[in-house]
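Here the structure comes first, spelled out in structure tokens, and everything after it is commentary.
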Amino acid sequence: MSESGKSTRTLTGKVVSNKMDKSIAVDIQRTVKHPLYGKYIRRTTRLLAHDENNECNEGDMVILESSRPISKNKAWRLQTILSRAQEV
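0 is the number of the first residue of the sequence shown in numbering that gives the first Met the number 0; add one for each residue after it.
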């Protein structure tokens, strides 16, 4: 089996917590159409991701990639930081 057939899944989200060591919590937002009324609703999924160098801050937009399970709740890895949060 060749490695070229495998592709890693990526998601884009916003960092909501970086208080853990080498871990971040990221909110992933998606829109879902209501089955009866047809209105679009925002749904949020919170994922834990591995941040090896502790380089993310709250409010950063990041891209996550799927990986092997790292701990009980972590199966995602930080790929890149799209934009930094504005400092106040």
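The C-beta atom is built at its ideal place from N, Cα and C for all residues, glycine as well.
Small disclaimer: the values here were computed from a predicted structure and weren't measured.
So is residue i buried or exposed if we call it buried at 16+ other beta carbons inside 10 Å?
| i | result |
| --- | --- |
| asparagine 53 | exposed |
| isoleucine 23 | buried |
| valine 14 | buried |
| leucine 77 | buried |
| glycine 12 | buried |
Does the distance from the C-beta atom of residue i to that of residue j stay below 9 Å?
| i | j | result |
| --- | --- | --- |
| aspartate 26 | threonine 43 | yes |
| serine 82 | threonine 7 | no |
| leucine 10 | isoleucine 62 | yes |
To the nearest angstrom, report how far apart residue i and residue j are at their CA atoms.
| i | j | result |
| --- | --- | --- |
| lysine 21 | lysine 71 | 14 Å |
| arginine 29 | alanine 48 | 18 Å |
| alanine 84 | tyrosine 36 | 36 Å |
Compare the C-beta of residue i against all C-beta atoms of chain B and say whether one is closer than 9 Å.
| i | result |
| --- | --- |
| valine 87 | Among the protein chains of the structure shown there is no chain B, as only one such chain exists. |
* Starting from the N-terminal side, write out each stretch of the beta strand (DSSP E) that is 3 residues or longer and does not extend beyond the region 6-86. => 9-16, 22-32, 39-49, 60-65, 73-82
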